[in-house]
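Note that full-length UniProt numbering has the first sequence beginning at 1, numbered continuously upward. For every residue, glycine included, the Cβ atom is placed at its ideal position computed from N, Cα and C. Scroll down for the structure; my scribbles are underneath it.
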Amino acid sequence: MYYRNKNKERQKKKAPEVLKLSFNIQESIKAMLNNADKYYNPVFCRSFESEQGNKYHQFHDTQFKRKFLEIIHGDIQQNLAKAINVTSKLQRNSDIDRILQNDYREKHNQDAYNNMLKLRLKLPVYKKRSEILQLVEDNQVVVISGETGCGKTTQVAQFILDDELEAGNGSVTRIICTQPRRISAISVAERVAMERTENLGNSVGYQIRLEKQLSRDHGSILFCTTGILLQIMKHDPALKGFSHVILDEIHERTTESDFVITLLKQVIPKRLDLKVLLMSATLNAESFSKYYNNCPTIHIPGFTYPVQEFYLEDVLSFVNYKFPEAPPEPTGYRKHLKRYKEQQCKKEEFLDILQPYIRQLMAEKKYETHIIHQLWNPNSENLSLELIEKLVRYICNTKAPGAILIFLPGMIDISNLNKMMLESGCYSSHTYVIYPLHSRMPTVDQKLIFKEPPHGVRKIIIATSIAETSITIEDVVYVIDCGKTKFGKFDVSKNIQTLEPEWVSLANAKQRRGRAGRVKSGECYHMYTKAREMTFDHYPLPEMLRTRLEEVILQIKTLQLGRVKEFLSTVMDPPDLKAIDLSLALLETLNALDKDENLTPLGYHLAHLPLDPRTGKMILWGALFSCVEPIFAIAASLTFKDAFYCPLGQEEQANKKKLELSMGQYSDHIALAEALRRYEVARRRGNARQFCREYFLSFNTLKLLSEMKAQFAQYLYEMRFLDSENPSHISSNRNSDNIALIKAIVCAGLYPNIAVVRRVTKNGVVSWTPEDGSVRIHPSSVNNRVSNFPSRYLTYFTKQRSTAIFLHDTTCISVPILLFAGPNMSIKREKGQYIISINFSETIICEEESAELIQELQQALNSLLEYKVTNPATVSWSTFEVNLLNAIIELVSQTDQELGFDSTRENASYHEDSTYDIN
DNA sequence: GAGCACTGC
């Protein structure tokens with residue numbers, strides 16, 4: 001009874017407020033809308049029937065109209081057929097042939113070149129040179145399989161180039177070679193240029209996003225990321241600019257390389273003179289050959305030093321360790337019951353797989369009984385940092401000098417092991433250096449980690465899978481592989497991204513082992529049994545099967561590859577139809593595709609921006625509303641990565657600094673914008689590095705983000721959505737200091753990603769979304785420890801299920817902002833009041849006239865956006881358009897101040913420290 | 001109280 005009363009009381013307190021716009025705002029919206037009738041009705045709200053009967057919005061701009069209709073009505077087969085007849089840059093020119101031939105022959109007289117050649121001759125791949133060249137000569141597609149250290153990445157393109165130069169075919173030879181990572185594209189290009197005793201930009205070049213050193217047009221090799229090749233194919237689908245395409249590391253099965261492989265299958269029959277080389281690790285080379293009608297495969301042996309392997313059973317004989325006993329029986333709670341069931345499942349699997357093996361070990365009597373006893377314990381399959389620490393100590397005490405590399409699943413584990421080691425007192429800084437290595441930790445940007453430590457000091461690196469391929473530390477001799485890795489997936493049935501630890505694949509395990517044998521023979525300690533290894537998958541799941549497909553679909557549409565499902569059924573491992581449907585539905589909601597899967601004008605722009613479609617929409621709004629700096633900064637941070645480090649042991653200080661950057665706005669997004677703004681101010685003053693240290697930010701990331709902002713501005717300028725290609729230009733930043741507006745645009749871009757705050761607990765904030773029910777705010781969000789929110793609504797970009805469903809980045813938004821952002825709200829009249837529901841279980845009660853005005857404002861704004869994307873142009877800040885935008889600005893700003901958000905800047909501003917190019 | 005790793009004319 002007491003609780004019921006208390007509850008009632010609570011409900012009373014929560015009696016819904018009725019939203020009413022202030023008189024002034026109502027008047028100005030009315031005046032504006034009256035004006036609007038005259039202005040926009042004939043222009044905005046009419047559609048026209050195109051020749052094909054499809055419904056499109058009215059075009060004025062003929063240039064955009066031409067481009068757009070071309071994409072809508074074209075198809076790849078026609079384009080390829082057309083492209084074949086176009087004369088390419090690669091025209092035979094006997095003068096060039098002769099010059100390049102002499103130039104190449106000349107090299108053999110240089111000592112430097114010949115010294116490099118001596119080294120190259122030692123690579124295993126060199127023994128197969130003539131065989132590879134013959135295969136390429138005889139076949140259009142060849143698969144080259146080879147292990148690390150065989151030299152294929154640096155040599156194969158050179159074999160082809162040198163062969164053609166020598167044969168006098170320089171003018172018609174141009175090789176493009178893709179790499180999955182930016183760093184490798186650059187470093188391979190640099191290495192190859194060095195081997196040819198040239199500077200970059202001659203016969204060797206590279207191109208990655210925001211950075212290039214192109215090679216000459218004839219007789220050359222261009223190393224680039226796979227994404228760049230895809231971009232090239234958008235305007236040169238037949239790849240007329242190239243004679244050879246080499247795709248390296250395709251066994252990694254990135255979405256991009258899988259996509260390119262599928263696309264090339266259509267290009268090959270039309271361009272019989274194009275040679276394609278697919279380079280892969282040995283493990284799955286066969287499947288690529290199969291995919292290309294059993295094209296020939298050539299295998300190249302690798303060269304690495306031998307690595308001795310140990311498994312859990314061996315490790316237990318080196319160190320004395322007891323796994324904790326099995327967990328207690330379940331209690332009645334449902335939550336625990338679920339976990340208990342999971343554990344039972346695991347236990348059964350454990351017994352099925354491992355029992356026979358343990359019996360065999362017993363029979364062989366190779367291991368002592370106490371070890372066998374440990375293996376019987378199902379907890380031996382769980383990650384034990386204690387055991388790993390004991391093993392590290394064992395290696396340090398009994399083995400020869402050499403760096404130790406430890407693979408762990410994630411940040412928490414790295415942090416815990418690091419702490420454990422420091423607190424044990426066994427790793428004095430005179431004899432040990434310990435580096436945690438994670439993409440979000442400051443050590444990734446340090447060069448120190450690659451250096452050999454002073455004599456008598458042992459280097460210990462505690463890393464995630466980042467040290468498998470992305471970061472190579474040469475002097476590693478001992479590898480400890482915990483056997484697990486965190487894996488991002490997309491749960492189709494629940495429509496949610498997940499991140500959970502899983503057993504690695506054999507390919508990962510092999511790669512980890514190989515890290516121990518780069519400079520001399522090494523040792524690898526697997527923290528799982530030989531039996532467990534037998535259950536590992538051969539390879540990780542291809543990326544295309546574990547991510548959302550919006551961007552892939554937009555690519556399919558701009559490349560005019562036809563129906564999405566039809567095309568995706570031709571990739572090597574086609575994604576789930578349900579996953580395709582979910583992404584198609586979202587693109588339709590965003591108005592990027594129409595009901596028939598056709599690209600809309602908005603979709604056309606989103607497909608051309610190097611951004612996720614939601615953040616793409618955000619930057620279009622940012623351009624229209626003239627608040628480019630903060631919005632572009634937020635969009636770049638969300639799709640690329642944010643610059644905030646997680647510094648071990650200083651997490652609290654880092655969180656405080658982030659809170660400071662959020663400027664009392666209850667918003668991670670504002671903190672992202674502010675971080676980049678202050679970085680740019682600091683850079684102009686010459687103290688950017690110091691600023692980054694003080695605020696626990698990554699200098700490298702901020703630098704890239706800043707450049708990305710400029711790239712967005714360039715595209716939008718070319719499309720005429722902006723008046724300047726400089727993102728700092730005053731004309732693009734009239735409203736950059738209006739924080740309420742910034743939040744409104746963030747919300748409009750991220751909509752329908754809205755959550756409602758339910759309650760604040762000791763352990764953080766619990767919120768609610770219609771799709772998932774209860775969700776948590778991630779501890780790294782500035783909003784996780786807020787006790788009193790000015791509004792109950794949050795917008796977010798990333799939602800991910802790990803130990804719970806977390807919203808990683810959040811912005812608290814007021815009701816008017818929510819109304820502005822939600823494009824499909826419905827207004828119902830009930831008991832004399834208007835109830836606005838926003839595709840969302842929460843309803844907002846609104847005073848009648850305000851409701852109508854908001855709805856009309858919404859419609860006018862949507863028409864404006866549609867009109868603008870169809871007829872790209874900037875807003876003329878002196879006309880009706882500006883009245884409409886100002887009315888919206890007023891609407892979203894109004895209650896922000898009342899709610900206690902500080903909406904205007906006092907100390908800091910985008911207009912301070914003026915660097916605007918007024919001209 | 002916690003984010004494997006990549007990428008884009």
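Within the same chain, 445 come within 8 Å of residue 700 by CB-CB distance, once the 5 residues on both sides are set aside. Counting only the Cα atoms, residue 94 lies some 31 Å from residue 186. Looking only at 262, 611, 668, 557, the smallest Cα-Cα distance to residue 597 is reached by 557. Rounded to the nearest whole angstrom, the C-alpha separation of residue 653 and residue 413 is 20 Å.
Going by DSSP, residue 837 is part of the beta strand (DSSP E) stretching over 833 to 837.
Bounds of any alpha helix (DSSP H) do not take in residue 491; it lies within the beta strand (DSSP E) bounded by 484 to 491. Here the alpha carbons of residue 551 and residue 610 stand approximately 9 Å from one another.
Here residue 735 has 625, 626, 627, 741 as same chain residues with Cβ atoms under 6 Å from its own Cβ, once five neighbours each way along the sequence are excluded. Taking C-beta separations shorter than 6 Å and ignoring five residues to either side along the sequence, the partners of residue 318 in its chain run 394, following chain order. For residue 370, the enclosing alpha helix (DSSP H) stretches over residues 369 to 376.
For residue 715, the enclosing alpha helix (DSSP H) covers residues 699 to 718.
The distance from the Cβ of residue 510 to that of residue 477 is about 17 Å, inconsistent with a contact at the 8 Å cut-off. Membership of residue 550 in the alpha helix (DSSP H) is indicated by the continuous run 550 to 558. When 447, 578, 500 are compared, the shortest CA-CA separation from residue 409 is found for 500. Assigned with DSSP and collapsed to three states, residue 806 falls in strand. Of 104, 791, 671, 645, the smallest CA-CA separation from residue 634 is found for 671. Excluding residues up to 5 positions away in sequence, 833, 845, 846, 847 lie with their Cβ nearer than 8 Å to the Cβ of residue 18 in the same chain. Three or more beta-carbon pairs separated by less than 8 Å are not found between the stretch 229 to 238 and the stretch 187 to 201, which leaves the two stretches without contact. Nearest Cα to residue 374 within the set 870, 345, 315, 591: 315. DSSP places residue 26 within a helical segment (H, G or I) once states are collapsed to three. Around the beta carbon of residue 115, a 10 Å sphere encloses fewer than 16 other beta carbons of the protein chains shown; the residue is thus reported as exposed. Judged by DSSP secondary structure, residue 696 falls outside any alpha helix (DSSP H); it is assigned neither H nor E.
Within the DSSP secondary-structure output, residue 310 pairs in a beta bridge with 525. Taking all protein chains shown into account, residue 217 has fewer than 16 neighbouring C-beta atoms within 10 Å of its C-beta and is therefore exposed. Ranking 312, 398, 449 by CA distance to the CA of residue 383 puts 312 first. The criterion of a C-beta distance shorter than 9 Å is not satisfied by residue 248 and residue 344. Just so you know, the alpha carbons of residue 160 and residue 245 end up roughly 11 Å apart. DSSP places residue 164 inside the alpha helix (DSSP H), whose first and last residues are 152 to 166.
Taking C-beta atoms as the reference points, residue 432 and residue 460 count as a pair closer than 9 Å. Rounded to the nearest whole angstrom, the C-alpha separation of residue 391 and residue 421 is 12 Å. By DSSP's assignment, residue 829 forms a beta bridge with 834. Taking all protein chains in view, the Cβ of residue 493 is surrounded by fewer than 16 other Cβ atoms within 10 Å, so the residue is classified as exposed.
For residue 798, there is no enclosing alpha helix (DSSP H), as DSSP marks it with neither H nor E. In this structure, the CA atom of residue 117 is about 11 Å from the CA atom of residue 155. The three-state secondary structure of residue 436, taken from DSSP, is strand.
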